[in-house]
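Student:
Protein chains: 2
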Amino acid sequence: MDFDTLLPHIELELQKQISRLDQPRTKRFHDMVAYHMGWTGEGAGPEATGKRIRPLLVLLCAAACGANWQFALPAAAALELVHNFSLVHDDIQDNSPKRRGRDTVWVKWGAPMAINVGDALFVMSNQAILDLKGNFPAEVVLKAAEILHDTCLDLTRGQFLDMSFEERTDLTTDDYWHMISGKTAALLSACCHIGAILGGADEEKQTAYKSFGQFLGLAFQVQDDILGIWGDETITGKSATSDLVEGKKSLPVLAGLSVNGKFAARWRQGPIEPHEVEDLARLLASEGGYETAHEASRQMTELAMLNLREADPQGEAGDLLFGLVERLLKRKQ
Amino acid sequence: MDFDTLLPHIELELQKQISRLDQPRTKRFHDMVAYHMGWTGEGAGPEATGKRIRPLLVLLCAAACGANWQFALPAAAALELVHNFSLVHDDIQDNSPKRRGRDTVWVKWGAPMAINVGDALFVMSNQAILDLKGNFPAEVVLKAAEILHDTCLDLTRGQFLDMSFEERTDLTTDDYWHMISGKTAALLSACCHIGAILGGADEEKQTAYKSFGQFLGLAFQVQDDILGIWGDETITGKSATSDLVEGKKSLPVLAGLSVNGKFAARWRQGPIEPHEVEDLARLLASEGGYETAHEASRQMTELAMLNLREADPQGEAGDLLFGLVERLLKRKQ
Numbered sequence: 030m031d032f033d034t035l036l037p038h039i040e041l042e043l044q045k046q047i048s049r050l051d052q053p054r055t056k057r058f059h060d061m062v063a064y065h066m067g068w069t070g071e072g073a074g075p076e077a078t079g080k081r082i083r084p085l086l087v088l089l090c091a092a093a094c095g096a097n098w099q100f101a102l103p104a105a106a107a108l109e110l111v112h113n114f115s116l117v118h119d120d121i122q123d124n125s126p127k128r129r130g131r132d133t134v135w136v137k138w139g140a141p142m143a144i145n146v147g148d149a150l151f152v153m154s155n156q157a158i159l160d161l162k163g164n165f166p167a168e169v170v171l172k173a174a175e176i177l178h179d180t181c182l183d184l185t186r187g188q189f190l191d192m193s194f195e196e197r198t199d200l201t202t203d204d205y206w207h208m209i210s211g212k213t214a215a216l217l218s219a220c221c222h223i224g225a226i227l228g229g230a231d232e233e234k235q236t237a238y239k240s241f242g243q244f245l246g247l248a249f250q251v252q253d254d255i256l257g258i259w260g261d262e263t264i265t266g267k268s269a270t271s272d273l274v275e276g277k278k279s280l281p282v283l284a285g286l287s288v289n290g291k292f293a294a295r296w297r298q299g300p301i302e303p304h305e306v307e308d309l310a311r312l313l314a315s316e317g318g319y320e321t322a323h324e325a326s327r328q329m330t331e332l333a334m335l336n337l338r339e340a341d342p343q344g345e346a347g348d349l350l351f352g353l354v355e356r357l358l359k360r361k362q
Numbered sequence: 030m031d032f033d034t035l036l037p038h039i040e041l042e043l044q045k046q047i048s049r050l051d052q053p054r055t056k057r058f059h060d061m062v063a064y065h066m067g068w069t070g071e072g073a074g075p076e077a078t079g080k081r082i083r084p085l086l087v088l089l090c091a092a093a094c095g096a097n098w099q100f101a102l103p104a105a106a107a108l109e110l111v112h113n114f115s116l117v118h119d120d121i122q123d124n125s126p127k128r129r130g131r132d133t134v135w136v137k138w139g140a141p142m143a144i145n146v147g148d149a150l151f152v153m154s155n156q157a158i159l160d161l162k163g164n165f166p167a168e169v170v171l172k173a174a175e176i177l178h179d180t181c182l183d184l185t186r187g188q189f190l191d192m193s194f195e196e197r198t199d200l201t202t203d204d205y206w207h208m209i210s211g212k213t214a215a216l217l218s219a220c221c222h223i224g225a226i227l228g229g230a231d232e233e234k235q236t237a238y239k240s241f242g243q244f245l246g247l248a249f250q251v252q253d254d255i256l257g258i259w260g261d262e263t264i265t266g267k268s269a270t271s272d273l274v275e276g277k278k279s280l281p282v283l284a285g286l287s288v289n290g291k292f293a294a295r296w297r298q299g300p301i302e303p304h305e306v307e308d309l310a311r312l313l314a315s316e317g318g319y320e321t322a323h324e325a326s327r328q329m330t331e332l333a334m335l336n337l338r339e340a341d342p343q344g345e346a347g348d349l350l351f352g353l354v355e356r357l358l359k360r361k362q
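Chains A and B are the protein sequences, given in the same order. Numbering (my numbering) for the first sequence: 30 to 362. Numbering (my numbering) for the second sequence: 30 to 362.
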């Protein structure tokens with residue numbers, strides 16, 4: 030068992046789920062979804078599919094609790110489909126023209142079609158999770174579906190807060206943690222929780238896996254914030270400093286604003302211009318923005334590891350889980 | 030048992046489902062959803078909520094099969110929430126400023142927020158259907174959820190076809206029936222199908238209820254097309270002739286185009302101006318557009334009634350079902 034064994038199975042399951050749209054009158058609709066998933070069109074390939082972290086987490090957690098990972102494939106697909114639904118809608122909401130280096134769905138086919146592509150991905154995630162019924166008792170399937178839906182509501186809450194924050198000037202780091210809890214962290218937590226349930230883990234272990242996913246997601250998100258300001262542009266594939274230009278209220282920025290120094294003074298004067306970002310990123314670092322975020326990321330990583338050790342994942346899958354965390358939290362993009 | 034008994038219970042269940050968003054940090058988000066549901070804000074009240082046809086169908090079909098309708102309330106709410114999710118997204122996609130005489134969600138809060146409001150309604154419909162688990166065995170809940178999700182995929186397919194049709198000039202009435210099968214008809218069919226399942230109906234009766242809903246929806250849609258061209262503006266509350274101005278490829282229009290007469294000639298010249306609509310509506314009627322649509326509506330109504338008699342709904346609920354069909358298909362708005 031290794032990532033290279035699991036990934037093709039994940040792609041196959043995703044393709045199977047999405048083939049529901051592959052019918053005579055909706056071929057073009059299926060094409061749009063396949064394009065977003067990174068399988069077809071310009072720039073298709075491994076770079077375009079994303080890392081499939083969420084389905085990997087589902088399969089590894091299920092296997093580390095003693096289940097046959099193949100039985101958990103529909104759940105793995107469901108979580109990846111939810112993630113991709115949220116990306117398609119996010120890109121419309123944020124007016125983002127690029128995703129993983131390629132034109133976003135709304136740029137290629139317009140916002141009305143893109144809304145519908147997101148909706149279809151969402152529906153197919155619901156269908157995928159119910160496909161578990163071939164492998165698990167109805168009560169277990171219902172429990173997994175319930176966690177999926179509760180998580181999706183968290184995602185809409187997180188998205189609401191995120192959009193509301195754009196208008197607010199009085200944000201604190203406390204608001205920040207609330208907002209990001211309803212984003213990556215909610216979804217990664219659901220992956221690990223559902224994986225543990227499918228693996229037959231007891232309540233205590235389920236909680237450990239769930240918390241592991243939660244803290245992993247928080248650490249990941251904070252790291253994303255750091256890379257969004259101090260990342261290497263050539264590595265991330267987007268303007269490394271765009272978070273400052275976009276006025277994104279990320280953790281480093283909120284930390285900088287709370288200090289109320291030179292960075293805060295400049296921020297309040299209005300939008301940051303691209304030519305200012307290099308100096309401002311340095312200024313923000315000198316006023317503690319980098320350090321605060323870095324320390325938060327370190328703490329969240331530690332809590333993730335603590336919970337993972339508590340969960341005590343078994344066998345090869347357990348080793349791979351520790352490896353995945355390592356890979357995720359030491360990434361440069 | 031009558032409509033006036035059922036409707037307040039439906040509103041209460043909907044409010045309960047939506048209260049998931051009513052939390053300190055997401056009060057404004059909850060307000061947006063409550064506004065769309067017709068409960069709060071300018072113009073709130075019975076006129077703004079819509080007729081709640083879908084939940085009524087669920088409850089009546091369940092009761093007409095012998096179930097306690099109260100047990101079916103979560104499913105009734107789920108179907109109404111799906112309907113409202115699709116309305117919120119449709120309004121963005123169609124750029125419609127008004128819904129039931131009030132500003133649409135995207136007009137009030139912008140498209141990004143409106144996309145998220147639609148997504149939340151969708152999530153809560155998924156959560157609502159699983160709430161059946163308090164009243165029914167897990168296998169029955171899974172079956173109901175499965176029908177809900179399959180129907181939602183039909184809705185995205187129908188929406189895709191609808192949007193694609195705007196660009197096409199070679200449409201036939203055959204394309205039309207395919208497209209509308211994935212809209213109102215799919216949802217009404219699901220209402221009756223799920224109601225019958227919760228009522229414990231056997232396979233044969235389930236099929237009859239399902240087909241009843243399907244034909245009821247088709248009849249309803251065709252009638253909508255007729256009202257969209259020949260409805261009384263003061264009754265419908267929107268410009269009765271707007272379907273012609275909007276270039277909507279409804280059944281009367283497609284029928285008119287297939288005749289290839291004066292209406293078709295004018296249509297192909299470009300967008301219809303508001304001052305032309307009265308004459309053009311008359312021209313389309315004289316070339317058979319009204320007659321074709323009217324005849325189709327009559328046939329679909331007949332098939333709906335045939336299936337409803339086949340389903341043989343029992344008791345007061347059965348009488349109310351026949352009454353609802355009557356009311357639906359003789360409406361003027």
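No residue lacks a Cβ here, since even glycine has one placed at the ideal position from N, Cα and C. All of these numbers come straight from a predicted model, not from anything done at the bench.
1. Run down chain A in chain order and give the residues with a C-beta less than 7 Å from the C-beta of residue 281 of chain B.
2. Are the C-beta of residue 55 of chain A and some C-beta of chain B separated by less than 7 Å?
3. Less than 7 Å separating the beta-carbons of residue 133 of chain B and residue 119 of chain B?
4. Can you list, in chain order, the residues of its chain with a C-beta nearer than 6 Å to that of residue 219 of chain B? Leave out the 5 residues immediately preceding and following it.
5. Excluding the 5 residues flanking residue 247 of chain A on each side, which residues of the same chain have their C-beta closer than 6 Å to its C-beta?
6. So is residue 62 of chain B in contact with chain A if we call contact Cβ pairs under 7 Å?
7. Where does residue 43 of chain B land, buried or exposed, given buried means 16+ other C-beta within 10 angstroms?
8. For residue 9 of chain B, which residues in the same chain have their Cβ closer than 6 Å to its Cβ, ignoring the five residues on either side in sequence?
9. I believe residue 211 of chain A touches residue 245 of chain A by the beta-carbon criterion, under 8 Å. Please report the beta-carbon distance rounded to the nearest angstrom.
10. Beta-carbon of residue 43 of chain B versus every beta-carbon of chain A: anything under 7 Å?
11. Can you tell which of A:174, A:338, A:357, A:94 has its C-alpha closest to the C-alpha of residue 103 of chain A?
12. Taking the beta carbon of residue 327 of chain B as the centre, do at least 16 other beta carbons fall within 10 Å, making it buried, or is it exposed?
13. Once you ignore the five residues that flank residue 92 of chain B on each side, which residues in its own chain have a CB closer than 6 Å to its CB?
14. Is residue 132 of chain A helix, strand or coil by DSSP?
15. Ends of the alpha helix (DSSP H) at residue 37 of chain A?
16. Sort B:34, B:190, B:142, B:65 by Cα distance to residue 131 of chain B and report the nearest one.
17. Between the Cα of residue 342 of chain B and the Cα atoms of B:280, B:229, B:110, B:275, which residue gives the shortest distance?
18. Step through the CB atoms of chain A and report whether any lies within less than 7 Å of the CB of residue 119 of chain B.
19. Hey, out of A:195, A:194, A:339, whose CA is closest to residue 232 of chain A's CA?
20. Do the CB positions of residue 116 of chain B and residue 87 of chain B come within less than 7 Å of each other?
21. Compare the beta carbon distance of residue 146 of chain B and residue 62 of chain B with 7 Å and say whether it is the shorter of the two.
22. Going by the beta-carbon positions, is the gap between residue 73 of chain B and residue 129 of chain B smaller than 7 Å?
23. Which residues in chain B sit within 7 Å of residue 170 of chain A, going by Cβ to Cβ distance?
24. List the residues that DSSP assigns as beta-bridge partners of residue 172 of chain A.
25. For residue 304 of chain A, count neighbouring Cβ atoms within 10 angstroms of its own Cβ and tell me buried if that reaches 16, exposed if not.
26. Does the beta carbon of residue 148 of chain A sit closer than 7 Å to a beta carbon anywhere in chain B?
27. In the DSSP assignment, find the alpha helix (DSSP H) that holds residue 17 of chain A and state where it starts and stops.
28. Which residues of the stretch 185 to 199 of chain A have a Cβ closer than 9 Å to any Cβ of chain B? Give them in chain order.
29. Using beta-carbon positions only, say whether residue 167 of chain B and residue 168 of chain A come within less than 7 Å of one another.
30. Less than 8 Å between the CB atoms is what I'm expecting for residue 101 of chain A and residue 227 of chain A, so what's the real figure, rounded?
31. From residue 189 of chain A to residue 257 of chain A, what distance separates their C-alpha atoms?
32. Does residue 288 of chain A have its Cβ less than 7 Å from a Cβ in chain B?
33. Residue 277 of chain B by DSSP, collapsed to three states: which one?
34. By DSSP, does residue 127 of chain B sit in helix, in strand, or in coil?
35. Which runs of the alpha helix (DSSP H) at least 4 residues long sit entirely within the stretch 41 to 109 of chain A? Give them in chain order.
36. Could you check the C-alpha separation between residue 275 of chain B and residue 204 of chain B for me, to the nearest Å?
Tutor: Let me lay it out:
1. Under the 7 Å cutoff, chain A gives no residues; its nearest Cβ is about 22 Å from residue 281 of chain B.
2. yes
3. no
4. 176, 180
5. 214, 329
6. no
7. buried
8. The first residue shown for chain B is 30 and the last is 362, placing residue 9 of chain B beyond what the model contains.
9. Wrong, their Cβ atoms sit about 15 Å apart, outside the cutoff.
10. no
11. A:174
12. exposed
13. 98, 346
14. strand
15. 32 to 47
16. B:65
17. B:229
18. no
19. A:339
20. no
21. yes
22. no
23. 171
24. According to DSSP, which records beta bridges pairwise, residue 172 of chain A is partnered with nothing at all.
25. exposed
26. yes
27. This structure cannot settle anything about residue 17 of chain A, because the visible part of chain A is limited to 30 through 362.
28. 185, 186, 188, 189, 190, 192, 193
29. yes
30. 5 Å
31. 21 Å
32. no
33. coil
34. strand
35. 56 to 65, 75 to 78, 82 to 93
36. 19 Å
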